[in-house]
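Before any comments, here is the structure.
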Amino acid sequence: SAYVHKDAAPRYAEAGIRAIDLTPAAVGPAVIPPANLRAHLEAPNVNMITCGGQATIPIVYAVSRVVDVPYAEIVASVASLSAGPGTRANIDEFTKTTSKGVETIGGAKRGKAIIILNPADPPMIMRDTIFCAIPEDADRDAVAQSIKDVVAEVQTYVPGYRLLNEPQFDDPSTHSGGQALVTTFIEVEGAGDYLPPYAGNLDIMTAAATKVGEEIAKESLSVAGGAQA
């Protein structure tokens with residue numbers, strides 16, 4: 025739970041223990057592998073934001089590296105059965121930490137995050153919708169290709185991460201505040217190794233954290249090897 029990690033983080037620091045935080049406590053700098061994997065390898069405590077953040081912020085990042093994104097909104101829908109008491113207790117932290125990540129890592133000037141606990145039975149796999157406001161004259165082909173490239177990158181550590189269809193572009197309208205929009209629909213299916221396949225929200229967090237941990241280990245070994253040389 026987020027409040028538990030906030031309490032424990034100073035003790036980790038005192039003991040010299042490095043932490044990869046899978047709660048939305050946001051004690052240390054946040055990491056989204058496709059966007060800033062190697063930016064905080066020396067940090068004693070890194071934050072993986074949230075499952076919704078790991079699934080959607082890469083898409084916002086993919087769009088913002090091509091065009092300006094004045095506003096981005098993400099909606100993460102996860103199976104209610106995959107949301108334990110910690111997730112339910114951290115809903116406020118989820119929305120705040122994910123919204124901040126949409127801005128600071130995703131690159132949107134303003135971000136909003138919504139989580140839905142889907143009570144459907146049988147449980148539905150994680151599905152996410154990402155809305156990004158973009159300039160009317162944006163190069164749509166370049167935006168779509170950037171999204172596909174980032175999806176392929178996420179799939180290297182989360183094979184069940186995929187686009188549900190092609191990114192959808194809409195011309196400016198009163199509903200979008202006069203901005204053009206690109207909307208991306210994704211789903212995240214878990215590997216089913218230890219958790220049910222519908223719990224892709226849990227798999228993407230652990231897989232992203234493992235990816236970061238591997239990079240930290242490589243960096244530490246590289247530094248140690250250089251020092252010995």
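Under the numbering used here, the first residue of the sequence shown is numbered 25, with each subsequent residue one higher.
Each residue gets a CB set at the ideal place from its N, CA and C atoms; glycine is no exception.
When the distance is taken between beta carbons, is residue j closer than 8 angstroms to residue i?
i      : j      : result
ALA241 : ASP227 : no
ASN71  : GLY40  : no
ALA59  : TYR85  : yes
VAL99  : ASP152 : yes
Please report the straight-line C-alpha distance between residue i and residue j, rounded to a whole angstrom.
i      : j      : result
GLY110 : ILE139 : 14 angstroms
GLU97  : ILE154 : 6 angstroms
GLY130 : GLU211 : 19 angstroms
GLY202 : ASP194 : 11 angstroms
ALA32  : VAL55  : 20 angstroms
ASP45  : CYS75  : 12 angstroms
GLY108 : THR230 : 15 angstroms
SER88  : ALA232 : 21 angstroms
ARG42  : ALA162 : 42 angstroms
SER246 : GLY237 : 14 angstroms
ASN225 : GLU160 : 33 angstroms
Which same chain residues end up closer than 6 angstroms to residue i when comparing Cβ atoms and leaving out the 5 residues on each side of it in sequence?
i      : result
VAL175 : LEU187
ALA103 : ASN142, PRO147, MET148 and TYR222
GLY125 : ALA54, ILE73, GLY77 and ILE81
GLY135 : ALA96, SER123, VAL126 and GLU127
Please check if any C-beta of chain D sits within less than 8 angstroms of the C-beta of residue i.
i     : result
ALA96 : Checking the listed chains, one finds no chain D in this structure; it contains a single protein chain.
Quick one: residues in its chain with C-beta nearer than 8 angstroms to the C-beta of residue i, no 5 flanking neighbours on either side, listed in chain order?
i     : result
ALA37 : PRO68 and ASN69
Beta strand (DSSP E) runs wholly inside the region 50-101, at least 3 long, in chain order
69-71
Stretch-stretch touch, CB-based, cutoff 8 angstroms, three pairs: the region 167-183 with the region 111-131:
no
Segments of 3+ residues assigned as beta strand (DSSP E) that fall wholly inside the region 140-210
150-158, 185-187 and 192-194
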